[in-house]
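Participant:
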Amino acid sequence: MPTSSSSPWVWRRCRRRPPRWRRPCSGSRARSSRYARRGHSATSANPRRHRSRSTARRSNGCARSGTGTTRNGSCGRTSRSADGPLPAGPVDYGRDMLLRLRSTRPEAILVEQRARAEQIVGVIVRYGVAEMSSDADGHAWLAELAGHARPDPELVALSRGERLCAAAQELGTTFIKIGQILSTRADLVGADVADALKALQADDPADPPAQIAQTVADSLGVGVDEAFSSFASFEQTPIASASIGQVCRATTTDGRVVVVKVRHTGIVDTVASDVAILQALAQIAERESARAREYGLSRIVGELVESLEQELDFHHELLNLQVISSNFAGSTQFVFPEPIPELSGDAVLTETALDGTRLSEVITDLGARRDPVIRQLTSLYFKMIFEDGLFHADPHPGNLLIMPDGRLGVLDFGKCGRIREEVREAFVDFLAAIFGDDLEEATRCMLLVAPGPRTLDTDLLVRELSVWKDSYFTSAAASGQHTDLGSAVKALLDIVDRYRLQMPSEVALMLVVVVELQGILEATGTPLQLSQLLMPYAAQLRSERLSPKRLWRSATRRAHRWEHLLDVLPDDLSRLLEASSRSELKVPLVVEGLDRPVNRLAYALVTAATIQGSSQLLARGAGPTYRATSIPGLVGTGVSAYLAVQILRSIRRAGGV
């Protein structure tokens with residue numbers, strides 16, 4: 006009989022349950038299927054012609070993608086490793102399966118991208134990534150999707166950060182970029198994991214010159230032959246290559262020396278496929294795991310995806326560069342590359358080249374220039390963060406230049422953060438409250454920035470902040486030592502993670518910038534401390550908030566809000582009273598988390614009834630009998646025992662009685 010390879014990602018009918026992933030049907034069921042006995046192969050059939058519902062029902066609802074039958078009747082598939090790629094080709098899912106997928110979008114995505122999805126889930130399972138959470142019942146769905154993949158003891162023995170780094174390297178560019186983004190989110194993964202993820206580097210080779218020409222032509226909207234006609238010269242051999250793109254040198258027709266950042270060919274399609282799978286997995290995880298729902302895994306994945314998409318679209322980098330340059334227009338201390346919009350697009354960014362010395366090359370040999378450079382650097386970032394609200398978020402020494410005229414240059418604006426004014430003010434108030442020993446006010450400001458769950462113990466958080474302040478600030482001041490602001494920020498992010506506070510990504514990014522700046526100060530060997538430079542700046546900002554101009558602007562803004570509220574309030578009250586008079590006012594009562602306990606209770610009632618009925622049958626010796634023992638009673642006792650074991654296992658997974 007004909008055979009064909011297939012995937013373990015198959016769908017099987019489950020009565021009275023939501024659709025769930027199952028392994029392929031067993032050989033015995035395939036042998037009992039009329040369709041299997043006929044030896045038909047799904048890949049050889051016309052994809053538009055499906056079996057009837059009755060045929061699908063007779064074959065136990067086993068919808069197979071590209072499967073046939075072997076000589077012994079089992080579902081045909083070629084042997085392969087548990088985590089290897091799946092074969093590509095036309096797929097006939099069957100009418101019943103397509104009807105299910107129409108209402109279960111996450112599963113549909115996993116089926117459409119089954120080869121890559123199986124590889125991703127296999128790596129997650131082998132590295133024990135899911136086991137890093139403490140959710141007792143949240144991993145069953147992942148093991149079900151992983152098929153034969155099992156945790157590797159040698160890999161699981163590694164630290165959490167090492168496992169995530171190795172898994173990201175194995176899965177490729179998308180996950181390396183996500184790992185790099187997570188290295189700035191210690192509030193999500195913890196400080197130790199964030200530090201380990203900073204070592205992630207993509208070893209992506211540069212594109213061939215022909216592909217670079219095609220990308221430039223497509224982005225600028227010209228033909229391939231005209232791709233470089235807008236430049237006086239263009240070096241098609243890149244001077245550097247990273248995970249998202251490569252950098253080439255060129256000269257414009259007006260004689261300016263520029264650098265052209267060109268996105269790698271095909272990276273958008275690769276990232277889009279991986280992102281769709283990640284979002285589908287996050288939705289399934291929230292459906293199956295209480296811990297994932299509590300953390301808001303889909304929201305977190307959405308934030309990561311948004312950051313990744315912004316880095317892929319060079320329009321965002323061009324806009325960031327234009328806005329920050331305008332914020333420092335007329336400055337004699339700082340210089341930024343000048344973007345050239347007419348030679349830029351979504352996959353190409355052209356900007357003027359800066360000729361200076363990278364700070365990484367002279368960071369330990371600044372001499373007399375050390376303290377002035379440090380003050381320049383800190384004033385640059387303090388202004389961007391606390392005054393402008395748009396800041397460069399990648400301040401490692403390789404992106405900072407010391408120009409021959411003494412100005413400080415900044416490169417690479419692909420990663421930037423935006424902070425709203427009210428968040429900036431709350432953060433400044435938090436710093437003032439910490440140093441003013443007003444821990445209740447510090448906690449209030451902290452929760453304004455990063456709201457907590459409904460079950461948050463505020464008093465416990467106040468005590469935690471008190472211990473944090475004494476450990477990093479009070480003790481340092483008493484001993485005359487400098488405050489290690491980098492360690493203090495990492496400890497604060499650990500508190501955010503432990504209390505499950507929902508810190509906005511831009512605030513976490515700002516704190517990472519603070520840690521990076523502290524690291525640069527330590528590398529230069531300067532006696533200046535970031536906390537010494539930050540507190541006077543924060544105090545100045547607080548005093549400026551009390552200026553008549555700022556107070557008038559704040560009062561005007563609040564007055565507009567009250568005006569809008571008073572404008573819509575009468576209509577809203579009228580509609581509310583009318584609905585109440587017509588008895589149409591309904592208050593929905595939502596009690597979360599009752600599905601599982603209610604199902605468990607119903608299961609227990611059925612078990613109790615089965616035990617009672619089996620006991621009656623055994624006591625009366627109801628026939629048929631074997632050696633004076635009721636056979637129905639024995640069968641009922643066995644079923645009762647099985648149901649009782651299932652109930653006990655369910656209670657144990659839920660954390661006990």
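For what it's worth, my numbering labels the leading residue of the sequence shown as 6, then goes sequentially.
Yeah, the Cβ is synthetic: ideal placement off N, Cα and C, and Gly gets one too.
Taking the continuous beta strand (DSSP E) assigned at L5, which residues delimit it?
Facilitator: There is no way to answer for residue 5, as the model of the chain reaches only from 6 to 662.
Participant: Ordered along the chain, which non-local residues of its own chain (more than five positions away) have a Cβ less than 6 Å from that of A528?
Facilitator: Taken in chain order, the residues that qualify are I368.
Participant: Round the Cβ separation of L436 and A543 to the nearest angstrom and send it over; I've been treating them as touching at under 8 Å.
Facilitator: At roughly 5 Å, the Cβ-Cβ gap stays under 8 Å, so L436 and A543 are in contact.
Participant: Shortest alpha-carbon distance to P676 belongs to which of D351, L359, G350?
Facilitator: Missing from the structure shown is residue 676; the chain here goes from 6 to 662 and no further.
Participant: May I ask which residues mark the beginning and end of the beta strand (DSSP E) holding V267?
Facilitator: From DSSP, the beta strand (DSSP E) with V267 extends over 262 to 268.
Participant: By DSSP's criteria, A255 is part of a beta bridge. Which residues make up the other side?
Facilitator: In the DSSP output, where bridge partners are listed per residue, A255 has F239, V263.
Participant: Look at V310 and V280 and say whether their C-beta atoms are less than 7 Å apart.
Facilitator: Taking 7 Å as the Cβ cut-off, V310 and V280 qualify as a contacting pair.
Participant: What are the partner residues of G350, as DSSP defines its beta bridges?
Facilitator: Bridge partners of G350: none, in fact.
Participant: Pairs of beta-carbons, one from the stretch 365 to 379 and one from the stretch 234 to 242, closer than 8 Å: are there three or more?
Facilitator: As far as the Cβ criterion goes, the stretch 365 to 379 does not touch the stretch 234 to 242, which means the pair count is below three.
Participant: Going along the chain, which unbroken runs of the alpha helix (DSSP H) with 4 or more residues stay wholly within the stretch 266 to 302?
Facilitator: Segments of the alpha helix (DSSP H) lying fully in the stretch 266 to 302: 272 to 293, 295 to 300.
Participant: Between the stretch 569 to 577 and the stretch 443 to 455, can you find at least three pairs of beta-carbon atoms closer than 8 Å?
Facilitator: Touching, no, given that fewer than three Cβ pairs across the two stretches are closer than 8 Å.
Participant: Short of 6 Å in beta carbon distance, which residues of its chain neighbour A122, apart from the five on each side in sequence? Order them along the chain.
Facilitator: Answer for A122: L115, I282, listed in chain order.
Participant: Identify, in the order they occur along the chain, each residue of the same chain with its Cβ nearer than 7 Å to the Cβ of V306, setting aside the five sequence neighbours on each side.
Facilitator: Answer for V306: L283, Q284, A287, listed in chain order.
Participant: Using the Cβ count rule (16 or more neighbours within 10 Å means buried), how would you classify K591?
Facilitator: Exposed, since its Cβ has fewer than 16 Cβ neighbours within 10 Å.
Participant: Counting only the same chain and skipping the five closest in sequence on each side, list residues whose C-beta sits under 7 Å from that of R261.
Facilitator: Taken in chain order, the residues that qualify are T357.
Participant: Roughly how many angstroms separate the alpha carbons of L466 and A447, rounded to a whole number?
Facilitator: Their Cα atoms are separated by approximately 10 Å.
Participant: Do V263 and T355 come within 7 Å of each other at the CB atom, strictly closer than that value?
Facilitator: Taking 7 Å as the Cβ cut-off, T355 and V263 qualify as a contacting pair.
Participant: Check for me: the alpha helix (DSSP H) holding F435 runs from which residue to which?
Facilitator: Unbroken alpha helix (DSSP H) run through F435: 426 to 440.
Participant: In whole angstroms, what separates the C-alpha of M408 from that of G414?
Facilitator: Distance between the alpha carbons of M408 and G414 is about 7 Å.
Participant: With distances taken from CA atoms, which of R375, A173, E112, L526 is nearest R131?
Facilitator: Considering only alpha carbons, the answer is A173.
Participant: Identify, in the order they occur along the chain, each residue of the same chain with its Cβ nearer than 8 Å to the Cβ of T615, setting aside the five sequence neighbours on each side.
Facilitator: If we look at T615 and ignore the five residues flanking it on each side, its Cβ neighbours are G641, V644, S645, L648.
Participant: Is the stretch 190 to 201 in contact with the stretch 241 to 248, if contact means three or more CB pairs nearer than 8 Å?
Facilitator: Judged by Cβ distances under 8 Å, the stretch 190 to 201 makes no contact with the stretch 241 to 248, as fewer than three pairs qualify.
Participant: Going by DSSP, what residues sit across from R550 in a beta bridge?
Facilitator: Looking at the DSSP assignment, R550 forms no beta bridge with any residue, so it has no partner.
Participant: By the 10 Å Cβ neighbour count, where 16 or more other Cβ atoms means buried, how is A61 classified, buried or exposed?
Facilitator: The predicted model places A61 with a pLDDT of 39, which falls under 50 and marks its position as unreliable, so this point remains unresolved.
Participant: Name the residue from G638, M540, L581, L385 whose alpha carbon lies nearest to the alpha carbon of A334.
Facilitator: Looking at the Cα atoms, L385 is the closest of the given residues.
Participant: Could you pull out every residue in the same chain whose Cβ sits closer than 6 Å to the Cβ of F478, ignoring the five residues on either side in sequence?
Facilitator: For F478, where only same-chain residues beyond five positions count, the Cβ hits under 6 Å are T488.
Participant: Among the residues of its own chain, which have a CB less than 7 Å from the CB of G419, if the five just before and after it don't count?
Facilitator: E316, E322, listed in sequence order.
Participant: In three-state terms, what does DSSP make of L406?
Facilitator: Correct three-state label for L406: strand.
Participant: Less than 7 Å separating the beta-carbons of M515 and I439?
Facilitator: No; because the gap between Cβ atoms is not below 7 Å, this pair is not in contact.
Participant: From R505, L470, Q507, pick the residue whose C-alpha is nearest to that of V494; which is it?
Facilitator: The shortest C-alpha separation from V494 is found at L470.
Participant: So the candidates are L405, T270, R190; which of them puts its Cα closest to the Cα of V221?
Facilitator: The option with the nearest alpha carbon to V221 is T270.
Participant: From the DSSP secondary-structure annotation, give me the bridge partner or partners of H397.
Facilitator: H397 is bridged to C421.
Participant: Where does Y300 land, buried or exposed, given buried means 16+ other C-beta within 10 angstroms?
Facilitator: Buried.
Participant: Comparing the C-beta of H569 with each C-beta of chain B, is any distance below 7 Å?
Facilitator: Here chain B cannot be found, since the structure has a single protein chain.
Participant: Taking 7 Å as the threshold (C-beta atoms), are P156 and G133 in contact?
Facilitator: Against a cut-off of 7 Å, the Cβ pair of P156 and G133 comes out as a contact.
Participant: Grouping DSSP H, G and I as helix and E and B as strand, with all else coil, what is P111?
Facilitator: Correct three-state label for P111: helix.
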